[in-house]
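J.: Numbers in my numbering are just positions in the sequence shown, counted from 1, shifted up by 1.
Take this structure first; my questions come after.
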Amino acid sequence: MTITTLPTLSYIDRLTTFADCWPPSLEPTTRQLAATGHICDRPPLEALEEGSHCITCNKFVKREDSVSALQSSLFGSNQESCYQGLKLHHAACTFLQNRIPIDAQSIESDLRGGQALSAIRNLWERRSKPQQHLQPTTHRHPQPSTLFSLPTELRLQIYSQIMPSMDRLTPITTLSKQSIRIVTEMGFSKTGPRDMTKINLLSTCRAVHEEALDILFTNTTYKFESTKLLYLFLRHIGEHGRALLKYVDVACGDREDPIAFSLLASCPKLKGITIRLRRPVLILPGSPLWLLDGVACLLELSGLEKVTFGECKVREGKLPKYLDESKADAAIVRRELTRPKGSPGGVRWVDGHLDI
Ligand SMILES: [Zn+2]
Numbered sequence: 002m003t004i005t006t007l008p009t010l011s012y013i014d015r016l017t018t019f020a021d022c023w024p025p026s027l028e029p030t031t032r033q034l035a036a037t038g039h040i041c042d043r044p045p046l047e048a049l050e051e052g053s054h055c056i057t058c059n060k061f062v063k064r065e066d067s068v069s070a071l072q073s074s075l076f077g078s079n080q081e082s083c084y085q086g087l088k089l090h091h092a093a094c095t096f097l098q099n100r101i102p103i104d105a106q107s108i109e110s111d112l113r114g115g116q117a118l119s120a121i122r123n124l125w126e127r128r129s130k131p132q133q134h135l136q137p138t139t140h141r142h143p144q145p146s147t148l149f150s151l152p153t154e155l156r157l158q159i160y161s162q163i164m165p166s167m168d169r170l171t172p173i174t175t176l177s178k179q180s181i182r183i184v185t186e187m188g189f190s191k192t193g194p195r196d197m198t199k200i201n202l203l204s205t206c207r208a209v210h211e212e213a214l215d216i217l218f219t220n221t222t223y224k225f226e227s228t229k230l231l232y233l234f235l236r237h238i239g240e241h242g243r244a245l246l247k248y249v250d251v252a253c254g255d256r257e258d259p260i261a262f263s264l265l266a267s268c269p270k271l272k273g274i275t276i277r278l279r280r281p282v283l284i285l286p287g288s289p290l291w292l293l294d295g296v297a298c299l300l301e302l303s304g305l306e307k308v309t310f311g312e313c314k315v316r317e318g319k320l321p322k323y324l325d326e327s328k329a330d331a332a333i334v335r336r337e338l339t340r341p342k343g344s345p346g347g348v349r350w351v352d353g354h355l356d357i
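Written as structure tokens, this is what we have:
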């Protein structure tokens, strides 16, 4: 194993090295590890110690540390282990510099500061319990309340009257440029006192909590001006939120594309995506799309019903749109993302490059 040849391993190659060693429940972690340059291919060492290592800097990280760093909610009960586990690479590793959208410093400053809480983010933080409850709880425990004798549709209507309402298109932003705390743009720009009583509904019991939380995802497209924001959002909503997420609209072409799309690929109910891809800074005009690691991670999404290629805002220093309906590449991306859920992709990678 030499360091000079390994970095040519594609995302898929790296992901495959985890397949036989890590359980499927850890898929969100293995995808993110592969996206950030990790592989798991040194038996018996890695089998014994249960971990993975970076193909560039060789840093070995134990499985439990990666899971707490990459699969938990960023503001859950285990902030400490998340903070520790971020050290997935050596300090000078290029993967560390380029791929992880959060660093220990921003977590630290957010833990110190952060009094400005929006109702929605507070709400996400409230569920940080273990996540074995993806089926509606009502089937597991008989509910004495008459609320549960109502048809589900009626209950959902009641919740929707009480819960903070999300627009059909809800942009997400961060509290400040360096912060990793996210809020809805609506919550961010709102002045005056916020009504925090609405979300008391979620504290009543777990069954109400789960049904009511579903409302936030059913008809809402969450919109992100970068894949970094998308990634922070996916981490904040945690495993339960990721299990409910239906629609996203994201501007990409950034260094955080691989880790964000690799985690998005672990959202089982995702139905639709709007991709607004700028030409990444380091890619020359006219270069094939398929050179991008982020695109390899994007192609792991499957079972979508709607794939749209949207406009990019061309701001100062930003590059123009890289992918639109007129390009043959767009048809390939759409074909791949709409293939049946979980079926193998039609794209083959040879030495890290696309073979069409
Ligand atoms: Zn590394």
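Even glycine gets a Cβ: it sits at the ideal position worked out from N, Cα and C.
Computed from a predicted model, the values in this text were never measured in an experiment.
1. Just to check, is the beta-carbon of His237 closer than 7 Å to a non-hydrogen atom of ligand 1?
2. Could you check where the beta strand (DSSP E) with Arg277 kicks off and where it finishes?
3. If you draw a straight line from the C-alpha of Ile101 to the C-alpha of Glu212, how long is it?
4. What's the C-alpha gap between Gly254 and Ile163?
5. For Leu10, count neighbouring C-beta atoms within 10 Å of its own C-beta (all shown protein chains included) and say buried if the count is 16 or more, exposed if not.
6. Buried or exposed for Lys60, please, with buried defined as at least 16 other CB atoms from any protein chain shown within 10 angstroms of its CB.
7. Alpha carbon to alpha carbon, how far is Glu50 from Thr1? Give it in angstroms, no decimals.
8. Should Phe96 be counted as a contact of ligand 1 given a C-beta to heavy atom distance under 7 Å?
9. The beta strand (DSSP E) that contains Pro52, what's its start and end?
10. Whose C-alpha, out of Ala93, Leu34, Cys94 and Ile56, is nearest the C-alpha of Asp66?
11. Using only alpha-carbon positions, find the residue among Ser26, Leu27 and His54 that is nearest to Thr37.
12. State the beta-bridge partners of Val184 as determined by DSSP.
13. Using a Cβ-based criterion (distance less than 7 Å to any ligand heavy atom), does Gly38 qualify as near ligand 1?
14. Val249 and Thr222 look like a contact to me (Cβ under 8 Å); what is the Cβ gap, rounded to whole Å?
15. Any heavy atom of ligand 1 closer than 7 Å to the CB of Thr57?
16. Quick one: is Lys178 buried, meaning 16 or more other Cβ sit within 10 Å of its Cβ, or exposed?
17. Nearest to Ala261 by CA position, among Thr17, Thr31, Thr18 and Ser26, is which residue?
18. Near Phe218, what residues of its chain come up, given a Cβ to Cβ distance below 6 Å and the 5 sequence neighbours on each side ignored?
19. In terms of residue numbering, what span does the alpha helix (DSSP H) encompassing Ala332 cover?
20. Since Ser161 and Ile216 are thought to touch, with beta carbons under 8 Å apart, how far apart are those beta carbons, to the nearest angstrom?
21. For Val251, list the residues DSSP reports as bridge partners.
22. Given that a residue counts as buried once 16 or more other Cβ atoms are within 10 Å of its Cβ, and exposed if not, what is Gln72?
23. Can you list, in chain order, the residues of its chain with a C-beta nearer than 6 Å to that of Cys41? Leave out the 5 residues immediately preceding and following it.
24. Ignore the nearest five residues each way along the sequence and tell me which others in Glu168's own chain have a CB closer than 8 Å to its CB.
25. First and last residue of the beta strand (DSSP E) that includes Thr37?
26. CB-CB under 6 Å to Thr174, same chain, minus the five flanking residues each way: which ones, in chain order?
27. With respect to the beta strand (DSSP E) encompassing Phe19, which residues constitute its N-terminal and C-terminal limits?
28. According to DSSP, Val308 sits in a beta bridge with which residue or residues?
29. If you drop the 5 nearest sequence neighbours on each side, which residues of the same chain put their C-beta closer than 8 Å to that of Leu300?
30. With Phe218 as the anchor, note down where its alpha helix (DSSP H) starts and where it stops.
31. Does the beta-carbon of Lys60, which I'm using as the reference point, lie nearer than 7 Å to any heavy atom of ligand 1?
32. Grouping DSSP H, G and I as helix and E and B as strand, with all else coil, what is Val348?
33. What does DSSP give as the partner residue(s) for Val62 in the beta ladder?
T.: The short version:
1. For this step, residue 237 is matched to residue 236 along the sequence shown. His237: no, Cβ never under 7 Å from ligand 1.
2. Taking the first residue of the sequence shown as 1, we reach residue 277 at position 276. Residues Gly273 to Leu278.
3. Locating residue 101 in the sequence shown gives position 100, counting from the first residue. Locating residue 212 in the sequence shown gives position 211, counting from the first residue. Each residue's CA atom was taken as its position, placing Ile101 and Glu212 some 33 Å apart.
4. Here residue 254 refers to the residue found at position 253 of the sequence shown. Here residue 163 refers to the residue found at position 162 of the sequence shown. If you take the alpha carbons of Gly254 and Ile163, they lie about 38 Å apart.
5. Reading the sequence shown from its first residue, position 9 is the one you call residue 10. By the neighbour-count rule (16 or more Cβ atoms within 10 Å), Leu10 is buried.
6. Here the question's residue 60 lines up with position 59 in the sequence shown. Flag for Lys60 reads buried.
7. Residue coverage of the chain in this structure runs from 2 to 357, which leaves residue 1 outside it and unanswerable.
8. Working through the sequence shown from its first residue, we reach residue 96 at position 95. At a cut-off of 7 Å, the beta-carbon of Phe96 counts as near ligand 1: some heavy atom of the ligand is closer than that.
9. Within the sequence shown, residue 52 is the residue found at index 51, counting from 1. Per the sequence shown, the amino acid found at residue 52 is Gly instead of Pro. First-last of the beta strand (DSSP E) with Gly52: Gly52 to Cys55.
10. Stepping through the sequence shown from its first residue, residue 66 is reached at position 65. Closest by alpha carbon: Leu34.
11. Here residue 37 corresponds to residue number 36 of the sequence shown, with the count starting at 1. Comparing Cα-Cα distances from Thr37 to each of Ser26, Leu27 and His54, the minimum goes to His54.
12. As a position in the sequence shown, residue 184 is number 183, starting the count at 1. Its beta-bridge partners are Thr174.
13. Here residue 38 corresponds to residue number 37 of the sequence shown, with the count starting at 1. Correct: Gly38 has its Cβ closer than 7 Å to ligand 1.
14. The residue you call residue 249 lines up with position 248 of the sequence shown. The residue you call residue 222 lines up with position 221 of the sequence shown. Sure, about 7 Å apart at Cβ, within 8 Å.
15. Here residue 57 refers to the residue found at position 56 of the sequence shown. Yes; taking the cut-off as 7 Å, the Cβ of Thr57 has a heavy atom of ligand 1 nearer than that.
16. Reading the sequence shown from its first residue, position 177 is the one you call residue 178. Around the Cβ of Lys178, a 10 Å sphere holds fewer than 16 other Cβ atoms; the residue is exposed.
17. If you number the sequence shown from 1, residue 261 lands on position 260. Looking at the Cα atoms, Thr31 is the closest of the given residues.
18. Translated into the one-based positions of the sequence shown, residue 218 becomes position 217. The residues are Leu245, Leu246 and Lys247.
19. Start at 1 with the first residue of the sequence shown, and residue 332 comes out as number 331. For Ala332, the enclosing alpha helix (DSSP H) has its first and last residue at Ala329 to Leu338.
20. Residue mapping note: residue 161 aligns to position 160 of the sequence shown, counting from 1. Residue mapping note: residue 216 aligns to position 215 of the sequence shown, counting from 1. The pair is a contact, with the Cβ atoms about 6 Å apart (cut-off 8 Å).
21. Mapped onto the sequence shown, residue 251 falls at position 250. According to DSSP, which records beta bridges pairwise, Val251 is partnered with Phe225 and Ile276.
22. Working through the sequence shown from its first residue, we reach residue 72 at position 71. Gln72 should be labelled buried.
23. Mapped onto the sequence shown, residue 41 falls at position 40. The residues are Thr18, Phe19, Cys22, Glu47 and Ser53.
24. Here residue 168 is taken as the residue at index 167 of the sequence shown, counted from 1. Looking at the sequence shown, residue 168 is not Glu but Asp. Answer for Asp168: Met187 and Thr221, listed in chain order.
25. Here residue 37 is taken as the residue at index 36 of the sequence shown, counted from 1. Per DSSP, Thr37 belongs to no beta strand (DSSP E) and is neither H nor E.
26. Along the sequence shown, one-based indexing puts residue 174 at 173. Taken in chain order, the residues that qualify are Glu186 and Phe189.
27. In the sequence shown, counting from the first residue as 1, residue 19 sits at position 18. Premise fails: Phe19 is in no beta strand (DSSP E) and is neither H nor E.
28. As a first step, residue 308 must be located in the sequence shown, where it is residue number 307. In the DSSP assignment, Val308 forms a beta bridge with Ile274.
29. Reading the sequence shown from its first residue, position 299 is the one you call residue 300. Correct list, in chain order: Val334, Glu337, Leu338, Gly346 and Val348.
30. Counted from its first residue, the sequence shown places residue 218 at position 217. Counted as a single uninterrupted DSSP element, the alpha helix (DSSP H) harbouring Phe218 occupies residues Arg207 to Thr219.
31. In the sequence shown, the residue the question calls residue 60 occupies position 59. In this structure, the C-beta of Lys60 approaches ligand 1 to less than 7 Å from one of its heavy atoms.
32. Here residue 348 refers to the residue found at position 347 of the sequence shown. Val348: coil per DSSP, three-state reduction.
33. Position 61 of the sequence shown holds residue 62. For Val62, which the question treats as bridged, DSSP gives the partners Ser53.
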